[in-house]
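Student:
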Amino acid sequence: DQQVKQNSPSLSVQEGRISILNCDYTNSMFDYFLWYKKYPAEGPTFLISISSIKDKNEDGRFTVFLNKSAKHLSLHIVPSQPGDSAVYFCAASEESGTYKYIFGTGTRLKVLA
Amino acid sequence: DTAVSQTPKYLVTQMGNDKSIKCEQNLGHDTMYWYKQDSKKFLKIMFSYNNKELIINETVPNRFSPKSPDKAHLNLHINSLELGDSAVYFCASSQRLIPYEQYFGPGTRLTVT
Chain A
1 DQQVKQNSPS LSVQEGRISI LNCDYTNSMF DYFLWYKKYP AEGPTFLISI
51 SSIKDKNEDG RFTVFLNKSA KHLSLHIVPS QPGDSAVYFC AASEESGTYK
101 YIFGTGTRLK VLA
Chain B
1001 DTAVSQTPKY LVTQMGNDKS IKCEQNLGHD TMYWYKQDSK KFLKIMFSYN
1051 NKELIINETV PNRFSPKSPD KAHLNLHINS LELGDSAVYF CASSQRLIPY
1101 EQYFGPGTRL TVT
């Protein structure tokens, strides 16, 4: 049972444009979410997080939006750069629950120069 | 200065063998994890330790045994390796239990022949 889903396995975007990566979850108890970026042959790198008490969190070119009623979050990258080409994972957890993150299957982003 | 390191990076072995993967973090974190990324690129938690205490033990065959000699180290020992154990294993650490972001090692690609 996949509680965190990233339904787009891949996405291509032109350099300078906006990249939008989506993530859906089914467990309404999830209240903390993270995005990670992963380059080939490396471990995932933390990008940005959001708690369920917020609906938006911004860090430089990266913004995460959370829609709790739709159980949906998205990562916006503006402007996209070729170095952003990587696999992006979203992860979710219950802050006072099971002490574990459930990861999505990832979306491969390719930023075209 | 590597924050989370794993050795070895690649491990090729035959079915039935016993092998270990070592992990060390120099971030002063209290919590460490082992994840398995299978052929479908799905990142799934296996174990977590907090201050050397086992917190999470997912449904993992008991051929897998984690060992935390101190807060900075979490090793993974696998007995009687099977073909299905072939995967990339990631070690990670976080300052505390959730909700803190995790810092991942570079991964160990295990191939069982």
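In order, the protein sequences belong to chains A and B.
Using the numbering used here, the first residue of the first sequence is number 1, and each one after it goes up by one.
Using the numbering used here, the first residue of the second sequence is number 1001, and each one after it goes up by one.
Ideal Cβ positions, reconstructed from N, Cα and C, are used throughout, including at glycine.
1) Taking 8 Å as the cut-off, does the stretch 1008-1015 of chain B touch the stretch 56-70 of chain A (at least 3 CB pairs, one atom from each stretch)?
2) In the DSSP assignment, find the beta strand (DSSP E) that holds R108(A) and state where it starts and stops.
3) Do the CB positions of S1080(B) and G1028(B) come within less than 7 Å of each other?
4) Whose Cβ in chain B lies nearer than 7 Å to the Cβ of L34(A)?
5) Let's see if you can read the secondary structure: which residues bound the beta strand (DSSP E) around P1066(B)?
6) Verify the CB distance criterion: does Y25(A) have a CB-CB separation below 7 Å to chain B?
7) I'd like to know whether the C-beta atoms of F1042(B) and W1034(B) end up nearer to each other than 7 Å.
8) Quick one: does L1105(B) have its CB under 7 Å from some CB of chain A?
9) Could you tell me the boundaries of the beta strand (DSSP E) in which D59(A) lies?
10) Between K5(A) and F89(A), how many whole angstroms is the CB-CB distance? I'm expecting something under 8 Å.
11) Check whether the Cβ atoms of E42(A) and P1061(B) sit closer than 7 Å, and answer yes or no.
12) Taking 7 Å as the threshold (beta carbon to beta carbon), is Y99(A) in contact with chain B?
13) Counting contacts by CB-CB distance shorter than 7 Å, is F30(A) in contact with chain B?
14) Any contact of the stretch 63-81 of chain A with the stretch 17-30 of chain A, i.e. 3+ C-beta pairs under 8 Å?
15) Skipping 5 residues on each side, what residues in its chain have a beta carbon closer than 7 Å to that of D1070(B)?
16) Does the distance from the CB of I50(A) to the CB of F33(A) come in under 7 Å?
17) Using DSSP with H/G/I as helix, E/B as strand and the rest coil, what is L1027(B)?
18) Leaving aside the five residues before and after A1003(B) along the sequence, list all residues of the same chain whose C-beta is less than 6 Å from its C-beta, in chain order.
Tutor: According to the structure shown:
1) no
2) Residue numbering aside, residue 108(A) sits at position 108 when the first sequence is read from its first letter. Element bounds for R108(A): 107-112.
3) Position 80 of the second sequence, counted from the first residue, corresponds to residue 1080(B). Position 28 of the second sequence, counted from the first residue, corresponds to residue 1028(B). No; because the gap between Cβ atoms is not below 7 Å, this pair is not in contact.
4) What you label residue 34(A) is simply residue 34 of the first sequence in a count that begins at 1. Ordered by position in chain B, the residues that pass the 7 Å Cβ test against L34(A) are E1101.
5) Within the second sequence, numbered from 1, the residue matching residue 1066(B) stands at position 66. First-last of the beta strand (DSSP E) with P1066(B): 1064-1070.
6) Against the first sequence, residue 25(A) aligns to sequence position 25. Taking Cβ atoms only, chain B never reaches closer than 7 Å to Y25(A), which makes this a no.
7) Sequence index remark: in the second sequence, residue 1042(B) carries index 42 (1-based). Sequence index remark: in the second sequence, residue 1034(B) carries index 34 (1-based). In this structure, W1034(B) does not lie closer than 7 Å to F1042(B) by Cβ.
8) Within the second sequence, the letter at position 105 stands for residue 1105(B). One detail in the question is off: residue 1105(B) reads as Gly in this sequence, not Leu. At least one chain A Cβ lies under 7 Å of G1105(B).
9) As a first step, residue 59(A) is located in the first sequence; it is residue number 59 there, counting from the start. Its beta strand (DSSP E) spans residues 56-59.
10) As a working mapping, residue 5(A) is identified with position 5 in the first sequence. As a working mapping, residue 89(A) is identified with position 89 in the first sequence. Not really, about 12 Å apart at Cβ, beyond 8 Å.
11) Within the first sequence, residue 42(A) is the residue found at index 42, counting from 1. Within the second sequence, residue 1061(B) is the residue found at index 61, counting from 1. Contact: no.
12) Numbered from 1 along the first sequence, position 99 holds the residue referred to as residue 99(A). Chain B contact via Cβ: present.
13) Along the first sequence, one-based indexing puts residue 30(A) at 30. So no, F30(A) is outside the interface.
14) yes
15) Your numbering for residue 1070(B) matches position 70 in the second sequence. Around D1070(B): K1052.
16) Taking the first sequence and counting its residues from 1, the one referred to as residue 50(A) is at position 50. Taking the first sequence and counting its residues from 1, the one referred to as residue 33(A) is at position 33. Yes, these two residues count as a Cβ contact at 7 Å.
17) Stepping through the second sequence from its first residue, residue 1027(B) is reached at position 27. Note: L1027(B) maps to coil in three-state DSSP.
18) To locate residue 1003(B), count along the second sequence from 1; it is residue 3. L1027, Y1103.
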